[in-house]
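Position one of the sequence shown corresponds to residue 28 (this note's numbering), numbered consecutively onward.
Structure record follows, encoded as structure tokens.
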Amino acid sequence: MNAEPHSAGLERLRFDNRFVSELPADPVTDNYRRAVEGACYSKVAPTPVAAPRLVAYSSEVASMLDLDASDCLAPGFAEVFGGNRLLAGMLPYATVYGGHQFGNWAGQLGDGRAINLGEIINRNGQRLALQLKGAGPTPYSRGADGLAVLRSSLREFLCSEAMHHLGVPTTRALSLVLTGEQVVRDMFYDGHPRPEPGAVVCRVAPSFTRFGHFQIHAARQDLATLEKLVAYTLTTDFPALGFNAQAPLAARKAVYVAWFREVCRRTALLAAEWMRVGFVHGVMNTDNMSILGLTIDYGPYGWLENFDPDWTPNTTDAQHRRYRYGQQPQIALWNLVQLANALYPLIDEAPPLEAALDAYGETYQEAMHTRMAAKLGLRSLSGADDEALLGELLGLLAAIETDMTLFFRALADFQPGADDSAVDIDAFLRLVAEAYYVPAEIDGAYRERLGAWLRRYAARVRADGQSPAQRRATMHAVNPRYVLRNYLAQLAIDAAEAGDYGKIHELLDTLRHPYTEQPGREHLAAKRPDWARQRAGCSMLSCSS
Ligand code: AMP
Ligand code: MG
Numbered sequence: 028m029n030a031e032p033h034s035a036g037l038e039r040l041r042f043d044n045r046f047v048s049e050l051p052a053d054p055v056t057d058n059y060r061r062a063v064e065g066a067c068y069s070k071v072a073p074t075p076v077a078a079p080r081l082v083a084y085s086s087e088v089a090s091m092l093d094l095d096a097s098d099c100l101a102p103g104f105a106e107v108f109g110g111n112r113l114l115a116g117m118l119p120y121a122t123v124y125g126g127h128q129f130g131n132w133a134g135q136l137g138d139g140r141a142i143n144l145g146e147i148i149n150r151n152g153q154r155l156a157l158q159l160k161g162a163g164p165t166p167y168s169r170g171a172d173g174l175a176v177l178r179s180s181l182r183e184f185l186c187s188e189a190m191h192h193l194g195v196p197t198t199r200a201l202s203l204v205l206t207g208e209q210v211v212r213d214m215f216y217d218g219h220p221r222p223e224p225g226a227v228v229c230r231v232a233p234s235f236t237r238f239g240h241f242q243i244h245a246a247r248q249d250l251a252t253l254e255k256l257v258a259y260t261l262t263t264d265f266p267a268l269g270f271n272a273q274a275p276l277a278a279r280k281a282v283y284v285a286w287f288r289e290v291c292r293r294t295a296l297l298a299a300e301w302m303r304v305g306f307v308h309g310v311m312n313t314d315n316m317s318i319l320g321l322t323i324d325y326g327p328y329g330w331l332e333n334f335d336p337d338w339t340p341n342t343t344d345a346q347h348r349r350y351r352y353g354q355q356p357q358i359a360l361w362n363l364v365q366l367a368n369a370l371y372p373l374i375d376e377a378p379p380l381e382a383a384l385d386a387y388g389e390t391y392q393e394a395m396h397t398r399m400a401a402k403l404g405l406r407s408l409s410g411a412d413d414e415a416l417l418g419e420l421l422g423l424l425a426a427i428e429t430d431m432t433l434f435f436r437a438l439a440d441f442q443p444g445a446d447d448s449a450v451d452i453d454a455f456l457r458l459v460a461e462a463y464y465v466p467a468e469i470d471g472a473y474r475e476r477l478g479a480w481l482r483r484y485a486a487r488v489r490a491d492g493q494s495p496a497q498r499r500a501t502m503h504a505v506n507p508r509y510v511l512r513n514y515l516a517q518l519a520i521d522a523a524e525a526g527d528y529g530k531i532h533e534l535l536d537t538l539r540h541p542y543t544e545q546p547g548r549e550h551l552a553a554k555r556p557d558w559a560r561q562r563a564g565c566s567m568l569s570c571s572s
């Protein structure tokens, strides 16, 4: 281990490792792959790396940890967040979880390449867990190496921060560190392995607990451990629910149900946010679902460019498209049903769980109405006419290749005029011209259909009665100008692999203000260029990372 100096800020981090102190530990402390039963975690240290080097850090996440720029730029920072050095108070561990992968129960998975460093309490009393992704093997690594490459780490680092600034619940990323080592990956599992630069991301969240953490104990009928983990989660992550482990069974059950309802509610809001911004997670396995309703595990995710509800970025899922954009809300519900099954033995009654699952649908619908209304610049969406107005727009967006982000952004500048005769389809097509990938697709039939929609929309906007400035502000607050387009991430990866980190910093900085026009950064709002259509990393990704 290296003894580089690090800053006062790092020394001051106050660790309070409640997960480790309150939950049962795996008694084995050697680091070899195994099934771990009757425990929630195994103690395991990060594997030291050759030459850790900081590529980027998030100043917002640093300040959540009460760290400033000098703390992050001190040489010791990369040592700690590359996995070479533990700070006083860190107690590294990997947790056990299971999960349904692509609809099938997969048994024990666990933190195969995530190592938790511990939980800190910041100046505001907030609890935050720190987790290294790619810091070496753990008992849960199964057949894999526990490592991560620059390509996928950069995507996780940038997207976590971009999502946060878009207002989408997510785990955060403190740092992106190169390890100075090479990691061999076969990107498309097609017999073309190549060495890639190794990297480690430090993720930060109040907790990294997943649906699969509960499922594994239920699947093993280990109700004692399940109950402990539930009690821990309620006390630590959901204190507002007032759980009391000493209360009579009926009272505890009522809290379990209230908690499940809350998880359903948060998951519904998360799904609605993904749909609003055009994010496709790509691998919505139950082990990739956060109990806090955060976006977690950025792998082969992607952003919808042309609006296509059937699109998935994940080539591993190309055949069935289980995790396609348009199916995400239903899959989230399916995942909640699996969580309900896992919690059932503690509650022993189906109706309250079913009621919570019904509430998922209601919350999702309501959240979508609010968000789609705002995207359209309307105060609300209600009734069959509004549903039809929205449905027809989505149909139009899918009818020919239309960029979702650019279309909605430009729509804010549409003026409905005084009456039908003021609606000018040519002027409108000029307004949204940027959004069309293949302008030649705009034929007579499309123009007519768009014109009919536009007249209905104009009438609806007039009836809504907001001032143009108000309407524009509403729309600009929910329709981003900048998202982490797949090809932009790939360009940053290409440059970074060649040693130039400038694009990472430019993206990180731009995506801090995704709703604000940033003169000089138009190139970061541009739709996918033609070369990116079929290029690996831009429109196709795999789970290899
Ligand atoms: P994911 O597809 O990233 O959600 O991962 C599914 C499971 O595989 C989790 O248990 C991960 O920790 C594990 N895993 C993925 N990649 C690796 C790797 N390179 N080394 C060890 N475990 C991994
Ligand atoms: Mg995962």
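Virtual Cβ for every residue (Gly too), placed ideally from N, Cα, C.
For clarity, every value in this text was computed on a predicted model and none was experimentally measured.
Going by C-alpha to C-alpha distance, which of the options sits closest to residue i?
i    : options                   : result
L118 : A226, A52 and R61         : A52
E475 : N131, R489, A462 and F455 : F455
A522 : A175, Y167 and L181       : L181
R489 : L535, Q442, S90 and F306  : Q442
Y84  : S571, H219, C570 and D536 : D536
L159 : Q209, D217, V71 and A115  : V71
V310 : L297, L321 and Y325       : Y325
L40  : A278, N58, P54 and A89    : A89
P327 : N312, L321 and F104       : N312
H244 : L100, E389, L136 and F434 : L136
A559 : P340, Q153, R230 and N149 : P340
G320 : F238, H127, I531 and P466 : F238
Expressed to the nearest angstrom, what Euclidean distance is found between the alpha-carbon atoms of residue i and residue j?
i    : j    : result
L481 : A383 : 39 Å
L515 : C565 : 8 Å
A400 : M502 : 9 Å
Q365 : D527 : 44 Å
A552 : L114 : 41 Å
P556 : V204 : 30 Å
R348 : M190 : 23 Å
V450 : A479 : 10 Å
A359 : S448 : 44 Å
R80  : G194 : 30 Å
L370 : A377 : 10 Å
A258 : L144 : 22 Å
T165 : A121 : 7 Å
D446 : G492 : 14 Å
V123 : V228 : 20 Å
G161 : E332 : 29 Å
C67  : V459 : 53 Å
R398 : R303 : 7 Å
V63  : D138 : 12 Å
M28  : V211 : With a pLDDT of only 45 at M28, under 50, the local geometry of the prediction cannot be trusted, and the value read off the model is given with reservation. Each residue's Cα considered, the two are about 24 Å apart.
L403 : T198 : 29 Å
R140 : E188 : 21 Å
A30  : P73  : At A30 the pLDDT is 49, less than 50, meaning the model places this residue with poor confidence; the figure from the coordinates comes in the next sentence. If you take the alpha carbons of A30 and P73, they lie about 16 Å apart.
For residue i, which three-state DSSP category applies?
i    : result
L114 : coil
S202 : strand
K255 : helix
P356 : helix
V195 : coil
W480 : helix
W558 : helix
I318 : coil
S69  : strand
T429 : strand
E475 : helix
N131 : strand
T387 : Just to set this straight, residue 387 is Tyr in the shown sequence, not Thr. The answer is helix: DSSP assigns Y387 an H, G or I state.
W301 : helix
F374 : Before going further, note that residue 374 is Ile rather than Phe in the sequence given. In the structure shown, I374 sits in a helix (DSSP, three-state: H, G or I).
R61  : coil
Determine, using beta carbons only, whether residue i comes closer than 8 Å to chain D.
i    : result
D385 : Any reference to chain D falls outside this structure, which holds one protein chain only.
Leaving out five residues on either side along the sequence, give the residues of the same chain with a beta carbon under 7 Å from the beta carbon of residue i.
i    : result
L477 : L423 and I452
A105 : P79, R80, L81 and V204
A299 : Y391, A394, M395 and R398
G109 : V76, P79, V204, T206 and V227
In chain order, what residues of the same chain lie with their CB nearer than 6 Å to the CB of residue i, ignoring the 5 residues before and after it?
i    : result
T342 : M567 and S569
S407 : A400
C99  : Y84 and A89
E38  : none
Identify, in the order they occur along the chain, each residue of the same chain with its Cβ nearer than 8 Å to the Cβ of residue i, setting aside the five sequence neighbours on each side.
i    : result
A278 : N271
C291 : L363, A383, L384, A386, Y387 and T390
Residue list, Cβ distance to the ligand MG heavy atoms smaller than 6 Å: D314, N315 and D324
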